[in-house]
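Asks: I have a structure I would like to understand better, so I am pasting it below and will then ask my questions one at a time.
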Amino acid sequence: MNQRKEIRPLPEQLINQIAAGEVIERPASVLKEVLENAIDAGSTQIEVRLEGGGIRRICVIDDGSGIPQNELPLAITQHATSKIRSLEELESVDSMGFRGEALASIASVSRMTITSRSADQEHAFSICGTTKEITPAAGGVGTTVDVKQLFEHIPARRKFLKTEGTEFGHAVDALERIAMANPQVSFRIFHNQRPYKQWLATDAFQRVRDVIGEEFIEHGLEVQMDHGLARVHGMIIHPTAARARADKQYLFVNGRFVRDRTVSHAIRQAYSDVLHGDRQPAYVLFLEISPELVDVNVHPAKSEVRFRESGAVHRLFTQALGATLSNTGGQNQSDADAVMSSLGRAGDGTVATQQGLAAQAALNPQPHLMSQGTVPSGTYPKYTAPGYSQDSLNLPPTGDWRSAYAPINQEGANVGTASPTMAAATTTQTATVQSQDPTATETDDFPLGMAIGQLHGIYILAQNRSGMVLVDMHAAHERVVYEQLKHLHDADDIVIQEFLVPYLISCSETDVAVVESEQELLRELGLHLSASGPKSITVRAVPALLARGDIESLVLGVLKDIHDIGSSERLALQRNEILATMACHGAVRANKFLSITEMNALLRAMEATDKADNCNHGRPTWFQWSMRDLDKLFMRGE
0 MNQRKEIRPL PEQLINQIAA GEVIERPASV LKEVLENAID AGSTQIEVRL EGGGIRRICV
60 IDDGSGIPQN ELPLAITQHA TSKIRSLEEL ESVDSMGFRG EALASIASVS RMTITSRSAD
120 QEHAFSICGT TKEITPAAGG VGTTVDVKQL FEHIPARRKF LKTEGTEFGH AVDALERIAM
180 ANPQVSFRIF HNQRPYKQWL ATDAFQRVRD VIGEEFIEHG LEVQMDHGLA RVHGMIIHPT
240 AARARADKQY LFVNGRFVRD RTVSHAIRQA YSDVLHGDRQ PAYVLFLEIS PELVDVNVHP
300 AKSEVRFRES GAVHRLFTQA LGATLSNTGG QNQSDADAVM SSLGRAGDGT VATQQGLAAQ
360 AALNPQPHLM SQGTVPSGTY PKYTAPGYSQ DSLNLPPTGD WRSAYAPINQ EGANVGTASP
420 TMAAATTTQT ATVQSQDPTA TETDDFPLGM AIGQLHGIYI LAQNRSGMVL VDMHAAHERV
480 VYEQLKHLHD ADDIVIQEFL VPYLISCSET DVAVVESEQE LLRELGLHLS ASGPKSITVR
540 AVPALLARGD IESLVLGVLK DIHDIGSSER LALQRNEILA TMACHGAVRA NKFLSITEMN
600 ALLRAMEATD KADNCNHGRP TWFQWSMRDL DKLFMRGE
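Counting in numbering that gives the first Met the number 0, the sequence shown runs from 0 upward without gaps.
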């Protein structure tokens, strides 16, 4: 039997070391806490000196307000702070630090010295974290925190540290996060007495460029949304440039880097149908919110927050990112190799770009949207192609979703009623390219230009003001149909097409069971199905948008989705996945040879569709080569 031990108060040093275990995990934790104090002190210039990745030494020099001599002992006393005075102030804290425990914790696990001078002192004073002895010192206005031999007397903690290189990497990560949140502050970093990096004071955009790199800016999309007491702004990556790892994801709440499940879920939801495979989005997002609406006193390291209105925050991010991803106009030109690399494929060295459509749908393309120049006037043939005219290419009214999918008039009637379902397209052609040249005027009027031919029954070749456009017709049509289905479903206005002669489809017993148990759900989706035998079902009606598609693949794919998800309650949450399946099966397939009229109908539909730069699976729907890029390929002008 164990002998009972009496209850005793812990020594102050042990109390501080226990507290340090929650706050100080590694050198990066020390650097973060000291840098936050420097920011709170109003610093405009901060110098960081690391040795041994921060294990041997971390020295932070700032030009902030400094600490008066009489307050130096309190600075290393636990729970002593200048940030808050009451519970009310804690609930609306707007400073980086507020608990008053960081310096005391650091002093308990290292050899720490603080040298500081306030503006009203003739010289600086220094205090030893171990002995708490104060001595006069040299130094300008500001504070120097010098931390040596972290965890020197706590072998159990020190052995869990990684190599110097790894710890240095974590320290740089912590510094980058604080630097991005405070672009008004300049930073200089030294490692092992050698200069490593320097960031001059600048604006937020330039600081993100300096820290994350030019590639992120090239593929970045600006986010901006103001909603009462909260505002979100920043930059997210274009879906085609998403990364294999989730290593470039930064969220700042009132200037503090945090990780939050609510916001992470909103971001994943916004990207849900535009990312390819398991790619990860990159982002730098800033949320400015009333301090009363967010609790930062949740995690010892203040790396998590709790929103008082988490639902409103979720909606704010979903709407802000959704609006940006739906309107990706004006993306800069970039190398195809970079785009292909971001998709996990090697490029071939040609130059290709994507530019968003939604912002340009109602506008003529402007020169500033074509960053590598425009095609000289007079380049295009000066004749009007038969089968369509400039006046016949007007899009249907915004609210008229079904008119874009009416049967195509093969005689070249108004394309405002033409359908990208390509119902009348012939499949008997064997030629790989059919061509027809638009006029220069027609080309200038549309961001995606005018179709001039089809390649191998898969791609649409078009020319616009900038140069040449190549469209994956299945991927593009899939996105168009998907967005139409979502709109109609949201409006509870799915128009169905009943068949005079019902389809009979062979299927599994599981599929029959789904049909019998999920009748209400299937009808909500516009599918009228019934069991006609142990392993067969009858299809009496489908959404009119998809009536000319592959009915068997469509129905069996939807039934599989319903079965895999498991219940109608879960299915309601996964509606978009099912609509995506329906759109994929209903979209035009490869080897469907289209007329020029049909190709142009699809291009116009893309220009009027949200997120048309990517299909539902995140693959790009189109690329563009400028005339300058094409001239390079043929060495023109060299």
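A virtual CB, placed ideally from N, CA and C, is assigned to each residue, including glycine.
1. If you measure between the beta carbons of residue 304 and residue 252, is that distance less than 7 Å?
2. Could you tell me whether the Cβ atoms of residue 273 and residue 610 are closer together than 7 Å?
3. With 16 other CB atoms within 10 Å as the buried threshold, where does residue 483 fall?
4. List the endpoints of the continuous beta strand (DSSP E) containing residue 311.
5. Quick one: using the 10 Å Cβ neighbour count with 16 as the cut-off for buried, is residue 499 buried or exposed?
6. Beta strand (DSSP E) containing residue 535: first to last residue?
7. Whose CA, out of 74, 139, 29 and 267, lies closest to the CA of residue 173?
8. Can you tell me the Cα-Cα spacing of residue 589 and residue 524, whole angstroms?
9. Pairs of beta-carbons, one from the region 186-193 and one from the region 245-260, closer than 8 Å: are there three or more?
10. Take residue 229 and list the residues in its own chain whose beta-carbon comes closer than 8 Å to its own, dropping the five residues that flank it on each side.
11. Under a three-way DSSP split, which group does residue 504 fall into?
12. Could you check if residue 164 is buried or exposed, using at least 16 other CB atoms within 10 Å of its CB as the buried criterion?
13. For residue 165, which three-state DSSP category applies?
14. Throw me the rounded Cβ distance for the residue 65 and residue 117 pair, which I believe falls under 8 Å.
15. Per DSSP, which residues does residue 58 bridge with? Please list them.
16. Mind checking residue 2: buried by the 16 CB within 10 Å criterion, or exposed?
17. Taking the alpha carbon of residue 562 as the point to measure from, which residue in 122, 466 and 511 has its own alpha carbon closest?
18. Let me see if you follow: with CB-CB separation under 7 Å, is residue 581 close to chain C or not?
19. Can you check whether the CB of residue 171 is closer than 7 Å to the CB of residue 105?
20. What are the residues that DSSP puts in a beta bridge with residue 249?
21. Does any heavy atom of the ligand NAD sit closer than 6 Å to the C-beta of residue 474?
22. Give the secondary structure of residue 592 by DSSP, where H, G and I count as helix, E and B as strand, and everything else as coil.
23. Kindly identify the DSSP beta-bridge partner or partners of residue 190.
24. CB residue 582 to CB residue 481, shorter than 7 Å?
25. With a threshold of 7 Å on Cβ separation, who are the neighbours of residue 578 within its own chain once the five nearest residues in sequence on each side are excluded?
26. Would you say residue 541 and residue 528 are within 7 Å of each other, going by their C-beta atoms?
27. Measure from the alpha carbon of residue 456 to the alpha carbon of each residue in 463, 45, 497 and 598, then state which is nearest.
28. Could you tell me the alpha carbon to alpha carbon distance between residue 42 and residue 275, rounded to whole angstroms?
29. If distances are taken between C-alpha atoms only, which option among 74, 63, 38 and 108 comes closest to residue 56?
30. In the DSSP assignment, the beta strand (DSSP E) including residue 272 goes from what residue to what residue?
31. Note down, in chain order, each residue of its chain lying with its Cβ closer than 6 Å to the Cβ of residue 357, except the 5 sequence neighbours on either side.
32. Where does residue 472 fall in DSSP's three states?
Replies: Quick answer:
1. yes
2. yes
3. buried
4. Counting along the chain, residue 311 falls outside any beta strand (DSSP E), though it belongs to the alpha helix (DSSP H) covering 309-325.
5. exposed
6. 535-542
7. 29
8. 26 Å
9. no
10. 286, 287, 288, 289, 292, 311, 312 and 315
11. strand
12. exposed
13. helix
14. 4 Å
15. 48 and 145
16. exposed
17. 511
18. Protein chains in the displayed structure number just one, and chain C is not present.
19. no
20. 283
21. In the structure on display, the ligand NAD does not appear, and there are no ligands present to speak of.
22. coil
23. 49 and 193
24. yes
25. 481, 484, 485 and 488
26. no
27. 598
28. 43 Å
29. 108
30. Segment: none, residue 272 is in no beta strand (DSSP E) and carries neither H nor E.
31. Confidence at residue 357 is low in this model, with a pLDDT of 39, below 50, so its placement is unreliable and the value that follows should be read with caution. 325, 326 and 609, listed in sequence order.
32. helix
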